[in-house]
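Asker: Sharing a structure, written as structure tokens. Questions coming.
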Amino acid sequence: LVDLVVDLKEDVTAEQVNKAFEDADLEGVLAVSDEPLVSVDFNTNPNSAIVDSMSTLVMDDKKVKVIAWYDNEWGYSNRVVDIAVQIGELLKTKEKATA
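Numbering-wise (this note's numbering), the sequence shown opens with residue 304 and increments by one.
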């Protein structure tokens, strides 16, 4: 579980914070859930983190609390595979360039 609290320069709403996460171009890495789930619901989820939008809290208009869940073994393993695939593609490109 990630319990992130940050102080922002500008006023925000919980809806704006959640929308920013939803609009982020991080498919497969970061997801947003608006369902009442518990930790076991995230087992074998391939994302590195899943923002629990129901728990997003704004305090004093500028302090934001975000809760995110993750399956540290499964999410991490998926990122290792992502990196291995990228390295493989780079090596293929390098081989073609030198052939």
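Note that beta-carbon positions come from the ideal geometry of N, C-alpha and C, so glycine has one too.
1. Quick check: what's the CA-CA separation for V403 versus D364?
2. Taking the beta carbon of N350 as the centre, do at least 16 other beta carbons fall within 10 Å, making it buried, or is it exposed?
3. What beta strand (DSSP E) runs, 3 residues minimum, are completely inside the stretch 313 to 385?
4. What's the C-alpha gap between V320 and E398?
5. Taking 9 angstroms as the cut-off, decide whether the C-beta atoms of A352 and L333 are in contact.
Answerer: Considering the structure as presented:
1. The structure shown does not extend to residue 403, since the chain is modelled only from 304 through 402, so no value can be given for it.
2. Numbered from 1 along the sequence shown, position 47 holds the residue referred to as residue 350. By the neighbour-count rule (16 or more Cβ atoms within 10 Å), N350 is buried.
3. Fully contained in the stretch 313 to 385 are the following beta strand (DSSP E) runs of length 3 or more, in chain order: 333 to 336, 352 to 355, 360 to 362 and 366 to 372.
4. Here residue 320 refers to the residue found at position 17 when the sequence shown is read from its first residue. Here residue 398 refers to the residue found at position 95 when the sequence shown is read from its first residue. Their backbone Cα atoms lie some 44 angstroms apart in a straight line.
5. Sequence index remark: in the sequence shown, residue 352 carries index 49 (1-based). Sequence index remark: in the sequence shown, residue 333 carries index 30 (1-based). Yes, the pair counts as a contact, with Cβ atoms nearer than the cut-off.
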